[in-house]
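Report on one structure; see the data block that follows.
Protein chains in written order, with this note's numbering: chain C, 191 to 270; chain Z, 28 to 427.
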């Protein structure tokens with residue numbers, strides 16, 4: 191697990207997560223509460239879909255992409 | 028420089044030190060991969076001192092190192108030993124190196140003294156809980172056949188009473204896929220705020236998995252889809268490791284690297300001083316084609332000695348060819364990094380192969396579902412074609 195926050199005794203921090211950040215950022219765009227929808231991605235290349243997604247998220251809040259933690263591109267061992 | 032090199036001196040890369048305080052486990056889970064879990068031997072402080080020396084002198088360190096006490100039940104070794112062990116490592120670490128100790132435990136032996144130690148040492152704590160009692164006790168039993176759920180939940184409440192954050196790792200079996208809502212509600216009602224999903228793997232002493240059956244992948248996909256939907260709708264209640272890490276990887280400008288297939292990103296040391304790298308589970312594994320995977324010993328080998336050994340070169344070369352096979356053949360490679368060697372070995376019989384059940388379930392399906400979920404939530408309204416009705420969720424129920 192990558193979360194290293196809040197290890198001090200007796201201290202319980204708020205959960206900080208990318209999902210929470212996206213929900214918060216998306217709230218102004220009326221996105222976070224939208225029900226799951228089927229997107230029109232028929233046959234689209236995985237790279238193209240992910241690139242388009244990144245652009246949309248960056249447009250919503252550039253900081254979400256700019257301030258990613260350093261270790262997000264490392265697949266970590268599952269029992270940490 | 029050897030043909031397959033991890034010690035190129037360019038990038039500090041050792042991020043995880045796995046130390047096996049004992050191979051012993053005080054319970055006997057049905058899906059456990061550890062063949063030696065009845066062995067009550069323990070690591071000595073002399074062995075730990077040598078292991079620390081090998082790591083601290085390696086030149087592979089950045090400013091942070093996770094130390095995972097694993098490959099047996101870590102709390103089966105007396106607390107007094109860890110007091111000395113943590114002090115020893117603290118005393119000998121380079122001044123610019125920060126250590127985080129990590130304990131993933133079944134919780135059976137966790138008491139107030141342990142809680143105070145975990146707080147004092149600022150350790151990262153994980154409990155292994157497979158959900159409600161009927162699910163958990165199906166597989167996580169004592170050697171006498173008794174369930175262990177009540178005791179691990181007591182451990183969870185103790186940590187909560189002490190204000191200690193912890194995560195839960197749940198091993199998904201076929202039966203667990205039946206009701207993602209029930210699993211979600213279990214976590215939330217019990218104040219479990221971080222969860223990671225492992226799967227029942229074909230690995231080591233566990234030669235079969237209920238998830239290898241025909242038709243499971245579609246059910247696994249439905250489980251992930253529904254659980255993520257719940258987590259999306261209540262991010263203040265729970266943080267899901269797979270959701271977080273996949274979003275980060277999708278948004279990262281860099282290709283994903285897998286620390287398990289990069290030499291010396293992980294170093295594992297057994298209770299008796301044997302060293303291995305790549306997947307930590309290799310430390311305790313034997314395979315008909317390879318034998319054991321001990322690549323050296325803390326008393327006689329530096330990490331650079333290991334690198335030049337024929338056994339390391341063979342394994343490293345095969346793992347590298349396996350990663351290259353993934354790169355050539357798999358459209359998920361950019362967001363995976365080439366998969367875990369331990370799963371390739373025990374599912375396909377070799378390291379130089381590509382797709383496994385493990386990667387289909389934990390990488391491909393998870394990425395598919397996270398991507399689809401993000402697309403649905405970020406697309407302009409005109410791009411969506413058909414809203415899928417979702418089951419109404421009253422999250423205020425958890426406050427009542």
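We put the beta carbon where it would ideally sit given N, CA and C, even for glycine.
Legend entry - Residues that residue 353 of chain Z bridges to, as DSSP identifies them: Counting from one through the second chain, the residue named residue 353 of chain Z turns up at place 326. In DSSP, residue 353 of chain Z forms no bridge with anything.
Legend entry - Any chain Z beta carbon closer than 7 Å to residue 215 of chain C: Residue mapping note: residue 215 of chain C aligns to position 25 of the first chain, counting from 1. Chain Z, which has no Cβ nearer than 7 Å to the Cβ of residue 215 of chain C, makes this no.
Legend entry - One or two residues paired with residue 324 of chain Z in a DSSP bridge: In the second chain, residue 324 of chain Z corresponds to position 297, counting from 1. Z:301, per the DSSP bridge assignment.
Inset, instruction - Give the range of the beta strand (DSSP E) segment to which residue 96 of chain Z is assigned. - result: Here the question's residue 96 of chain Z lines up with position 69 in the second chain. Counting along the chain, the beta strand (DSSP E) containing residue 96 of chain Z begins and ends at 88-96.
Legend entry - Cross-chain neighbours of residue 259 of chain C in chain Z, by beta carbon under 9 Å: In the first chain, counting from the first residue as 1, residue 259 of chain C sits at position 69. What residue 259 of chain C touches in chain Z: 275.
Legend entry - Min CB distance residue 268 of chain C to chain Z below 7 Å: As a first step, residue 268 of chain C must be located in the first chain, where it is residue number 78. Chain Z, which has a Cβ nearer than 7 Å to the Cβ of residue 268 of chain C, makes this yes.
Inset, instruction - Within 10 angstroms of the Cβ of residue 72 of chain Z, are there 16 or more other Cβ atoms? Answer buried if so, exposed if not. - result: Counting from 1 along the second chain, the entry for residue 72 of chain Z is found at position 45. Residue 72 of chain Z sits exposed, since fewer than 16 C-beta atoms from the chains shown fall within 10 Å of its C-beta.
Inset, instruction - Can you say whether residue 260 of chain C is buried or exposed, counting buried as having 16 or more other CB atoms within 10 angstroms of its CB? - result: For the purposes of this step, residue 260 of chain C is identified with residue 70 of the first chain, where counting begins at 1. Residue 260 of chain C should be labelled exposed.
Legend entry - Contacts of residue 253 of chain C in chain Z (Cβ-Cβ under 8 Å): Here the question's residue 253 of chain C lines up with position 63 in the first chain. In chain order: nothing, as chain Z lies at least about 11 Å away.
Inset, instruction - Look up residue 225 of chain Z in the DSSP assignment and give the residues it is bridged to. - result: Here the question's residue 225 of chain Z lines up with position 198 in the second chain. Secondary-structure assignment with DSSP links residue 225 of chain Z through a beta bridge to Z:198.
Legend entry - Neighbour flag for residue 265 of chain C against chain Z, beta carbons, 7 Å: Walking along the first chain from the start, residue 265 of chain C turns up at place 75. Chain Z, which has a Cβ nearer than 7 Å to the Cβ of residue 265 of chain C, makes this yes.
Inset, instruction - Check whether the Cβ of residue 210 of chain C lies closer than 7 Å to any Cβ atom in chain Z. - result: For the purposes of this step, residue 210 of chain C is taken as residue 20 along the first chain, with counting starting at 1. Interface residue, yes.
Inset, instruction - Report the residues of the region 174-197 of chain Z with a CB closer than 8 Å to any CB of chain C, ordered along the chain. - result: 189, 190, 191, 192, 194, 196
Legend entry - 9 Å Cβ cut-off: residues of chain C touching residue 284 of chain Z: Translated into positions along the second chain, residue 284 of chain Z becomes position 257. Residue 284 of chain Z reaches chain C at 263, 264, 265, counting residues in chain order whose Cβ is nearer than 9 Å.
Inset, instruction - Mind listing the chain C neighbours of residue 202 of chain Z? Cutoff is C-beta to C-beta under 9 Å, in chain order. - result: Residue mapping note: residue 202 of chain Z aligns to position 175 of the second chain, counting from 1. Within chain C, not a single residue places a beta-carbon under 9 Å from that of residue 202 of chain Z; the smallest gap is close to 20 Å.
Inset, instruction - Give a yes or no on whether the minimum CB-CB distance between residue 124 of chain Z and chain C is below 7 Å. - result: In the second chain, residue 124 of chain Z corresponds to position 97, counting from 1. It does not; no Cβ of chain C falls within 7 Å.
Legend entry - residue 404 of chain Z - containing alpha helix (DSSP H), residue span: The residue you call residue 404 of chain Z lines up with position 377 of the second chain. Element bounds for residue 404 of chain Z: 393-405.
Inset, instruction - Flag this pair as yes or no: are the beta carbons of residue 213 of chain Z and residue 158 of chain Z separated by less than 7 Å? - result: Along the second chain, one-based indexing puts residue 213 of chain Z at 186. Along the second chain, one-based indexing puts residue 158 of chain Z at 131. Contact: yes.
Legend entry - Cβ-Cβ separation, residue 311 of chain Z to residue 486 of chain Z (assumed contact under 8 Å), whole Å: What the structure shows of chain Z is the stretch from 28 to 427, and residue 486 of chain Z is not part of that stretch, so it cannot be assessed.
Inset, instruction - Return the CA-CA distance between residue 57 of chain Z and residue 109 of chain Z, expressed in angstroms with no decimal places. - result: In the second chain, the residue the question calls residue 57 of chain Z occupies position 30. In the second chain, the residue the question calls residue 109 of chain Z occupies position 82. Each residue's Cα considered, the two are about 28 Å apart.
Legend entry - Chain-ordered neighbours of residue 95 of chain Z on chain C, where CB pairs are closer than 9 Å: For this step, residue 95 of chain Z is matched to residue 68 along the second chain. By Cβ distance, chain C contributes 267, 269, 270.
Inset, instruction - Using three-state DSSP, classify residue 213 of chain C as helix, strand or coil. - result: Numbered from its first residue, the first chain carries residue 213 of chain C at position 23. Note: residue 213 of chain C maps to helix in three-state DSSP.
Legend entry - Burial state of residue 90 of chain Z (16 or more Cβ within 10 Å): For this step, residue 90 of chain Z is matched to residue 63 along the second chain. Answer is exposed; the Cβ neighbour count stays below 16.
Legend entry - Spatial distance of residue 257 of chain C from residue 67 of chain Z (CA atoms): Residue 257 of chain C sits at position 67 when you count from the first residue of the first chain. Residue 67 of chain Z sits at position 40 when you count from the first residue of the second chain. Approximately 46 Å, taken between the alpha carbons.
Inset, instruction - Please list the partners that residue 279 of chain Z has in chain C, where partner means a Cβ-to-Cβ separation under 8 Å. - result: Locating residue 279 of chain Z in the second chain gives position 252, where the first residue counts as 1. Those within 8 Å of residue 279 of chain Z in chain C are 258, 262, 263.
Inset, instruction - To the nearest angstrom, report how far apart residue 262 of chain C and residue 259 of chain Z are at their CA atoms. - result: Taking the first chain and counting its residues from 1, the one referred to as residue 262 of chain C is at position 72. Taking the second chain and counting its residues from 1, the one referred to as residue 259 of chain Z is at position 232. Answer to the nearest angstrom: the Cα atoms are 19 Å apart.
Inset, instruction - In angstroms with no decimal places, state the Cα-to-Cα distance between residue 231 of chain C and residue 358 of chain Z. - result: By 1-based counting over the first chain, the position of residue 231 of chain C is 41. By 1-based counting over the second chain, the position of residue 358 of chain Z is 331. For residue 231 of chain C, the predicted structure reports a pLDDT of 47, less than 50, and the residue's modelled location is therefore unreliable. A value from the coordinates is still provided. The straight-line gap from Cα to Cα measures roughly 16 Å.
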